[in-house]
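One structure is given below, encoded as structure tokens.
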Amino acid sequence: MPTSPSDPGPRGGAPYDLAVIGAGPAGLAAAVTAADLGLRCALVDAGPRAGGQFYRHPAPELGAAHPERLHHGWETFARLAARLDGHPRITHLPDRQVWTAGRRADGWRLHLTGHHQGPDAPPGEVLDAAAVLLATGAYERQLPFPGWTLPGVVTAGGAQAMLKSGLVLPGRRVVVAGSGPLLLAAASSLVTAGAAVPAVVEATDYLGYARGLKTLAANPAKLVEGAQHGAALLRHGVRLRRRSAVVEAHGTDRVTAVTVARLDRDWRPVPGTERRIACDAVAVGHGLVPQIELATELGADTRATPDGTVALAVDAEQRTSLPGLYAAGETCGVGGADLALAEGVLAAHAVAGRPAPAGARRRRDRRRAFAELMAAAHRPGTGWTGWLTPETDVCRCEEVTAARITEAVEELGARDARTVKLLTRAGMGWCQGRMCGPAVACLAGGPHPSHPPRPDSRPLACPVPLARLADLGEAEL
Amino acid sequence: MARTPADLVGAEPAPAHHIEFDGRPVPALPGQTIAAALWAEGITAWRTTRVGGRPRGAFCGIGVCFDCLATVNGRPNQRTCLLPARPGDTVTTQEGHGRADLAV
Ligand code: FES
């Protein structure tokens, strides 16, 4: 039988007033704020240490005297971590994922599982809470290119994550490529940590930002952050190639070089502009995708973001369309740590039934405007499919090539990602389409303004052993 | 400038232990995941795919892509980017679906 990590509280009903899922900037800020306002909180997190991907940091055994050198805004994290540490009203539950959630008369029941399931895994846990805040962040969007499955080609966020937590680099000469502000951040941490970065290859020309001068002016901190990354890159002689893309990675057992080409306005490679750059690693990403499957499975309303992803729709107080379910941070649309912190604070006040602090609300509104501008500037152009060859693997897990997806669309009449998936198995492997989903949706003819992208539907938010499902009677949900 | 990530953050790690990768010893620092220890040795592939038999290693680094699967202490399909390296762990390159022991 599943067990509960806590006994029912003295007030009866759900043992927790608030369960926060995710201990990144949004979840951390929300948990400590709500607890300070008197709520009993559970903070469930997939990582071994609080901080999420943004504040990911080495294990204590690695003895890092200056973890802040790999971070922006480390003081903020240090303050939050100190507030979390030993807080009498917060139960921190690390190394756990919520794999499904269900409504109860008095709130929500969350089902938790550990990462490292096996014969000796602990039994499943359940947790009841009156309100739930989804602060699960985002994962990276990938657009495939020939050779992207070669070892040494890694996600830009993954390169940063492994560097921040394990103090390791994917290679010595790392080309950073794709689109979005994360590229500059990743490139600047890689060079300061000792890697050579022969080029940062960005598909947009940044002109999109020029359309939002007022929004830019209202967000000086974001500009300073960008300038700091830019300065680090200049100092190390890193070249930024705008409106270009890695159109092929070369190598047999691992990457040894990439071909970079100029792109036209629609991201179509311009023939004759190819250049080869030697490298032993590539860090690549095309923006971030909000991780919202728990909420969409429960039926929460979503919205399309300007860069073509799906985010949860929330009101001014961070409420989703489902009573008692709140969201903060990247789940509401990708916008960075400052925005996530502000949204976490706002959500905590809403759950506690307190008026929103004006400062947090102002910061949220400004940063949200900046996030939308940024998303629009980095929205993938439709011409990226021009760098695929028929043999390019689109789905990494099931090794489904571009040719097979084109065949499903053009010859078998598939009109959406779901049909392509059924016909080709793209997206049916281990990662459940998290890596290939956006690309498959594009190849299947979307996203199109008249058909807003459909949120992915996954009945389980993370892999669970069958025994867990067997434990779970209908009544449990 | 031969700076390393450890230099950058002024790391003074606890002494390294060893894990075994395909029969050879690989040093690991306490607190590193198996994937991190392999990267530190310049190893980027520890799995071959089911269909094409192609080499793979860590890709997303955060437990989402499942490209970093390996057989650890005889147990297949372990996400090495999440799994802390423990002294004496044996990691073997995982071939295909990783269930070589299950004759079907
Ligand atoms: S590298 Fe993606 S799951 Fe481990």
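Chains X and C, in that order, are what the protein sequence lines are.
Going by this note's numbering, the first sequence opens with residue 1, and the numbers climb by one from there.
Going by this note's numbering, the second sequence opens with residue 1, and the numbers climb by one from there.
Beta carbons are placed, not taken as given, at the ideal position from N, Cα and C, and that holds for glycine.
The model shown is predicted, which means the values in this text are computed figures rather than measured ones.
In the three-state DSSP reduction, PHE145 of chain X falls in the coil class, being neither helix nor strand.
Assignment of beta strand (DSSP E) within the region 376-459 of chain X, counting only whole runs of 3 or more residues, yields 393-395 in chain order.
Taken through DSSP and simplified to helix, strand or coil, VAL270 of chain X comes out as coil. Assigned with DSSP and collapsed to three states, THR76 of chain X falls in helix. The contact set of ALA231 of chain X on chain C, defined by CB atoms closer than 8 Å, is empty, because the minimum CB distance reaches about 17 Å.
Residues are counted here when their Cβ sits less than 9 Å from a Cβ of chain X; for the region 56-72 of chain C these are ARG56, GLY57, ALA58, PHE59, CYS60, GLY61, ILE62, GLY63, VAL64, CYS65, PHE66, ASP67, LEU69, given in chain order. Residue state for ASP36 of chain X is assigned as helix, using DSSP reduced to three classes. Look at the beta carbons and you see the region 162-174 of chain X not touching the region 301-315 of chain X: under three pairs across the two are nearer than 8 Å. Between the beta-carbon of ASP301 of chain X and that of ALA129 of chain X there is about 21 Å, and that puts the pair past the 8 Å contact cut. Taking 9 Å as the cut-off, the Cβ atoms of TRP267 of chain X and GLY381 of chain X count as close. When the beta-carbon positions are compared, GLU399 of chain X and VAL51 of chain C come within less than 9 Å of each other. The closest heavy atom of the ligand FES lies 8 Å or more from the beta carbon of ALA45 of chain C. When C-alpha distances from ALA36 of chain C are compared across C:ALA85, C:VAL91, C:GLY96, C:LEU69, the shortest belongs to C:ALA85. With a threshold of 9 Å between beta carbons, THR155 of chain X makes contact with chain C.
Within the same chain, GLU202, THR204, ASP205, TYR206 come within 8 Å of ARG242 of chain X by CB-CB distance, once the 5 residues on both sides are set aside. Taking the Cβ atoms as the reference, GLN142 of chain X lies roughly 14 Å from HIS378 of chain X, outside the contact range of under 8 Å. Under the 9 Å criterion on CB atoms, VAL168 of chain X is classed as interfacial with respect to chain C. Taking C-beta separations shorter than 7 Å and ignoring five residues to either side along the sequence, the partners of LEU83 of chain C in its chain run THR33, ILE34, VAL72, following chain order. Residue-level contact by beta carbon holds for GLY10 of chain C and chain X, with a gap shorter than 9 Å. With the criterion CB distance below 7 Å from any heavy atom of the ligand FES, the matching residues run X:GLY158, C:ALA35, C:ALA58, C:PHE59, C:CYS60, C:GLY61, C:ILE62, C:GLY63, C:VAL64, C:CYS65, C:PHE66, C:ASP67, C:CYS68, C:ARG79, C:THR80, C:CYS81, C:LEU82 along the chain. In this structure, the straight-line span from the alpha carbon of GLY74 of chain C to that of VAL91 of chain C is close to 8 Å. Straight-line spacing of the CA atoms in THR296 of chain X and ALA23 of chain X works out to 20 Å. Non-local beta-carbon contacts of ALA232 of chain X in its own chain, meaning distances under 7 Å to residues more than five positions away in sequence, involve SER188, VAL191, THR192 in chain order. Against chain C, the beta carbon of MET435 of chain X has neighbours under 7 Å at CYS65, listed in chain order.
Inclusion of ALA369 of chain X and ALA218 of chain X in the CB contact set at 9 Å is warranted, their separation being smaller than that value. One thing to note: GLY102 of chain X has its Cβ no nearer than 9 Å to the Cβ of ALA14 of chain X. Comparing alpha carbon positions, the residue from X:TRP384, X:THR385, X:ASP338 closest to ARG362 of chain X is X:ASP338. The three-state secondary structure of ASP7 of chain C, taken from DSSP, is helix.
According to the DSSP secondary-structure assignment, LEU127 of chain X is paired through a beta bridge with X:LEU110. Take ALA81 of chain X, set aside five residues on each side of it, and the residues of its chain with a beta-carbon closer than 7 Å to its own are ALA50, in chain order. Interface criterion met: the Cβ of PRO5 of chain C is under 9 Å from a Cβ in chain X. Within chain X, no residue has its beta carbon less than 8 Å from that of ALA16 of chain C; the closest one is some 11 Å off.
Within the region 315-330 of chain X, no residue has a Cβ lying closer than 9 Å to any Cβ of chain C. Contact between the region 149-165 of chain X and the region 312-325 of chain X is absent, with fewer than three C-beta pairs closer than 8 Å. Per DSSP, TRP39 of chain C is one residue of the alpha helix (DSSP H) stretching across 34-40.
Taking a Cβ-Cβ threshold of 9 Å, none of the residues of chain X is close to THR90 of chain C; the smallest such distance is about 15 Å.
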